[in-house]
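Chains S and A, in that order, give the protein sequences. Going left to right, the first sequence walks through residues 23 to 275 as the working numbering numbers them. Going left to right, the second sequence walks through residues 23 to 275 as the working numbering numbers them. Even for Gly, the Cβ is constructed at its ideal location relative to N, Cα and C. All values reported here derive from a predicted model rather than from experimental measurement. These notes are about the structure you will find just below.
Number of protein chains: 2
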Amino acid sequence: MTRRMKCVVAYDGTQFSGYQVQPGKRTVQGEFEGVLKRMHKGNDVRIAASGRTDAGVHAYGQVIHFDTPLSLSPEQWKKALNAQLPDDIAVRSVDETDSTFHARFSAKAKEYRYNVWTAAERDVFRRHYCAWYPYPLHVEAMNEAVGLFKGTHDFTSFCSAKTVIEDRVRTIYQAEIEADGPMLQFRFVGNGFLYNMVRIIVGTVLEIGQGKRPPADIEALLAAKDRRLAGPTAPAEGLYLWRVYYDHENFPL
Amino acid sequence: MTRRMKCVVAYDGTQFSGYQVQPGKRTVQGEFEGVLKRMHKGNDVRIAASGRTDAGVHAYGQVIHFDTPLSLSPEQWKKALNAQLPDDIAVRSVDETDSTFHARFSAKAKEYRYNVWTAAERDVFRRHYCAWYPYPLHVEAMNEAVGLFKGTHDFTSFCSAKTVIEDRVRTIYQAEIEADGPMLQFRFVGNGFLYNMVRIIVGTVLEIGQGKRPPADIEALLAAKDRRLAGPTAPAEGLYLWRVYYDHENFPL
Chain S
23 MTRRMKCVVA YDGTQFSGYQ VQPGKRTVQG EFEGVLKRMH KGNDVRIAAS
73 GRTDAGVHAY GQVIHFDTPL SLSPEQWKKA LNAQLPDDIA VRSVDETDST
123 FHARFSAKAK EYRYNVWTAA ERDVFRRHYC AWYPYPLHVE AMNEAVGLFK
173 GTHDFTSFCS AKTVIEDRVR TIYQAEIEAD GPMLQFRFVG NGFLYNMVRI
223 IVGTVLEIGQ GKRPPADIEA LLAAKDRRLA GPTAPAEGLY LWRVYYDHEN
273 FPL
Chain A
23 MTRRMKCVVA YDGTQFSGYQ VQPGKRTVQG EFEGVLKRMH KGNDVRIAAS
73 GRTDAGVHAY GQVIHFDTPL SLSPEQWKKA LNAQLPDDIA VRSVDETDST
123 FHARFSAKAK EYRYNVWTAA ERDVFRRHYC AWYPYPLHVE AMNEAVGLFK
173 GTHDFTSFCS AKTVIEDRVR TIYQAEIEAD GPMLQFRFVG NGFLYNMVRI
223 IVGTVLEIGQ GKRPPADIEA LLAAKDRRLA GPTAPAEGLY LWRVYYDHEN
273 FPL
């Protein structure tokens, strides 16, 4: 009998070539499946995640699942995995779930956060965990701009030009900026995010914060459906996959 | 004419084999002197620091000085150094000083801080910046213990057995623990610190926090002058050289 295990996983993306397995590269999936293979006496065990993350992107609440014939309790799984995973991956929780659960297809919504360090001084301790943007910013204008992403829109202007998915309509439930001294944290909850979407939104909102564009540009950009008109892709190190929602109950709506 | 420049320097110690130059190793001094050599057309320029730090130990406020024939302003020095230093070293300030100033010999006191992350869960984002100690702790007992280090004592029990310095009497002006949720920060200001002294003090106080020893043990340990009786050396990643004081004015006494 196999059991399906669901894990909430945090990782520091700094030293990974992203989430997904790539030959010859150190990836989160590769490290995780390596541990599972050892635990299953050399048999391959595939994991499925809620979605990929790019090189340098972090996760506080990535969710993965896998099927296993081993009869360990969730607590034993957590201990065994944490004992063998490298120290830049941590399993925060393990639950047994049923075979209808899928880390990717059962997801109802996701939360991403993006940290920007705005102090004039470079901070060596934050360099892998925040984007550094040492310019005077109009946070009010940024908040106004960020609010305009809420609702259902075609996000063609705010995803990588390489995106192959045809349907670029997504719904953003929550979009806000928390300021704590020189640290700005962008928070987005939505039913789905396209490739580079959060990073392009942040890159564009930072241009608004610098006064290069007015907040109302967001509406025009959404309507234009042209990636070339939006701002630059903000760097990977500020981005965190924060949480994946599998039911509507816990939605911060 | 040469000028003496004083710099306050922060570094993330994670990827350094300590402060001091060692052949074939990446060190803070080595990186810094490499930049100065390029700026001085291949001529060696030595830097002097307030003291060394070990592999993995961080600095928020290390102080160094060097002599230079170049006529850059302090602001120009700061820009030029930060542009060329690797991203795990940052120059926080530069001042021109007179030739009687010496980063090490003019120091009146130093402040060290030590971060302990006490949550049950491993935090991948703090692994290089805090020691992880997931045990229930009696913070009140620890505070009592830490207070007993204040004053002038022979610290033989609290320095590496390899210490060659004969005079192990030092004065601690301030010793306290700041708690912020699961994060404990030890803060020590003293007129000097012996090799591994802060890390052995922290290792011993954590044993007291776990109830393995009573706070009053500190007095007995100080009197015993025997390193073998104190606790273990806490790991490098929690330790920060926080500030170096060159005058009595700014002392937090």
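Inter-residue Cα distance where the pair is Asp-34 of chain A and Trp-264 of chain A: 12 Å
CA nearest to the CA of Asn-137 of chain S, picked from S:Gly-46, S:Asp-269, S:Tyr-268, S:Tyr-262: S:Tyr-262
Cutoff 7 Å: Asp-34 of chain A Cβ touching any chain S Cβ: yes
Three-state secondary structure assigned by DSSP to Glu-188 of chain S: coil
Arg-26 of chain A in three-state terms, based on DSSP: strand
Chain S within 7 Å of Ala-142 of chain A, Cβ atoms only: no
Lys-100 of chain A and Val-116 of chain A closer than 7 Å at C-beta: yes
Where Gln-42 of chain A falls: helix, strand or coil (DSSP): coil
Interface residues of the segment 88-118 of chain A facing chain S [CB-CB below 8 Å]: Asn-104, Asp-109, Asp-110, Ile-111, Ala-112, Arg-114
Rounded straight-line distance, which links the Cα of Ile-187 of chain S to that of Glu-133 of chain S: 20 Å
For Ile-240 of chain A and Leu-170 of chain A, believed in contact at Cβ under 8 Å, the rounded distance: 4 Å
Beta-ladder partner(s) of Leu-263 of chain S, from DSSP: S:Ala-81, S:Tyr-134
Delimiting residues of the beta strand (DSSP E) encompassing Asp-176 of chain S: 173-176
Proximal chain S residues relative to Val-79 of chain A, where beta-carbon distance stays under 8 Å: Going along chain S, no residue has its Cβ under 8 Å from Val-79 of chain A, so there is no contact; the nearest lies around 13 Å.
Whole-angstrom distance between Ala-238 of chain A and Arg-135 of chain S, CA atom to CA atom: 46 Å
Given Arg-25 of chain A as reference, the closest of A:Arg-48, A:Arg-60, A:Thr-75, A:Ser-121 once Cα atoms are compared: A:Ser-121
Residue-chain proximity (Arg-149 of chain A, chain S), Cβ-Cβ < 7 Å: yes
Selection from A:Asn-104, A:Ser-39, A:Gly-231, A:Ala-102 that minimises the alpha carbon distance to Asn-165 of chain A: A:Gly-231
Chain A contact residues for Val-211 of chain S, given Cβ-Cβ distances below 9 Å: The contacting residues do not exist; Val-211 of chain S stays about 21 Å from chain A at best.
Helix, strand or coil at Phe-180 of chain A according to DSSP, with G and I counted as helix: helix
Pairwise C-alpha distance: Thr-36 of chain S and Ala-71 of chain A: 30 Å
Within-7 Å CB hit, Val-146 of chain S to chain A: yes
Reduced DSSP secondary structure (H/G/I, E/B, other) of Ile-230 of chain S: helix
Nonlocal neighbours in the same chain, by C-beta distance under 7 Å from Ala-142 of chain S, ignoring five residues either side: Pro-156
Which of helix, strand or coil DSSP assigns to Val-116 of chain S: strand
7 Å Cβ cutoff, Tyr-268 of chain A in contact with chain B: Among the protein chains of the structure shown, namely S and A, there is no chain B.
Under 7 Å between C-beta atoms of Tyr-82 of chain S and Ala-131 of chain S: no
For Arg-249 of chain A, the three-state DSSP class (helix, strand or coil): helix
Residue of S:Tyr-195, S:Ala-112, S:Met-205, S:Val-43 minimising C-alpha distance to Ala-77 of chain S: S:Val-43
Cα-Cα separation between Gln-196 of chain S and Met-205 of chain S, rounded to whole angstroms: 19 Å
Option in A:Val-224, A:Asp-176, A:Phe-180 with minimal Cα separation from Arg-250 of chain A: A:Phe-180
Coarse secondary structure for Arg-209 of chain A, derived from DSSP in three states: strand
Inter-residue spacing [alpha-carbon to alpha-carbon] between Val-50 of chain S and Leu-58 of chain S: 12 Å
DSSP beta-bridge partners of Ile-194 of chain A: A:Gly-173, A:Gly-212
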